[in-house]
Amino acid sequence: MFHDRFELSTGLYDVNRGTHLHVDAKGRTKRSSECRGLRTRALCPWKYETVVDRTYVPSRLRIVKCESSTVQIPNSIIQCEEVYTLQHVRIHDCVGDEDSCERDIQIPVGCVAARPCVVPAYE
Numbered sequence: 595m596f597h598d599r600f601e602l603s604t605g606l607y608d609v610n611r612g613t614h615l616h617v618d619a620k621g622r623t624k625r626s627s628e629c630r631g632l633r634t635r636a637l638c639p640w641k642y643e644t645v646v647d648r649t650y651v652p653s654r655l656r657i658v659k660c661e662s663s664t665v666q667i668p669n670s671i672i673q674c675e676e677v678y679t680l681q682h683v684r685i686h687d688c689v690g691d692e693d694s695c696e697r698d699i700q701i702p703v704g705c706v707a708a709r710p711c712v713v714p715a716y717e
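If you want the working numbering, it's the 1-based position in the sequence shown plus 594.
In structure tokens:
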């Protein structure tokens, strides 16, 4: 059986989050305050922005922007690319059936480090 936490000499370690956990006197665990969120620790960090589009409900969506386009790693260059999910929205003041008034739109939710996509040139 796989456990998502195990004990190190420095304390409990949470495999899913990759962080050390501190145990208080009542046996409750909490994340280390030294370890910031994934968005700042990632190879391709990102920031959050709120966009407003009044044609949709909800009209305010929180999206992600990569803070850089590339990362330099010894002997290679890595591109930072946005990762997307689908957000279900309703078209504001839409008249018609439910299918024509709702849609799924792509919104960026994080950034990932990836090798550049190289397309061969055809002559």
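C-beta atoms are modelled at their ideal positions from N, C-alpha and C, and glycine is treated no differently.
Tell me the DSSP secondary structure of residue i in three-state form.
| i | result |
| --- | --- |
| Cys660 | strand |
| Ser670 | strand |
| Cys695 | helix |
| Thr649 | coil |
| Leu637 | coil |
Return the CA-CA distance between residue i and residue j, expressed in angstroms with no decimal places.
| i | j | result |
| --- | --- | --- |
| Pro714 | Glu692 | 44 Å |
| Arg709 | Arg635 | 19 Å |
| Lys659 | Leu632 | 14 Å |
| Arg654 | Val645 | 6 Å |
Any C-beta of chain C sitting closer than 8 Å to the C-beta of residue i?
| i | result |
| --- | --- |
| Glu675 | Looking at the structure shown, chain C is missing, and only one protein chain is on hand. |
Residues in its own chain within less than 6 Å of residue i by CB, not counting five upstream and five downstream?
| i | result |
| --- | --- |
| Asp711 | It is worth fixing the name first, because residue 711 is Cys in this sequence and not Asp. Excluding residues within five positions, none has a Cβ falling inside 6 Å. |
Within its chain, find whatever has a CB closer than 7 Å to the CB of residue i; leave out the 5 residues flanking it on each side and keep chain order.
| i | result |
| --- | --- |
| Gly704 | Trp640, Val658 and Val677 |
Whose CA, out of the options, lies closest to the CA of residue i?
| i | options | result |
| --- | --- | --- |
| Arg648 | Val689, Val706, Glu675 and Val683 | Val683 |
| Arg697 | Tyr642, Leu637, Gln673 and Pro652 | Pro652 |
Below 8 Å CB to CB, which residues in the same chain sit around residue i once its five sequence neighbours on both sides are set aside?
| i | result |
| --- | --- |
| Ser670 | Arg709 |
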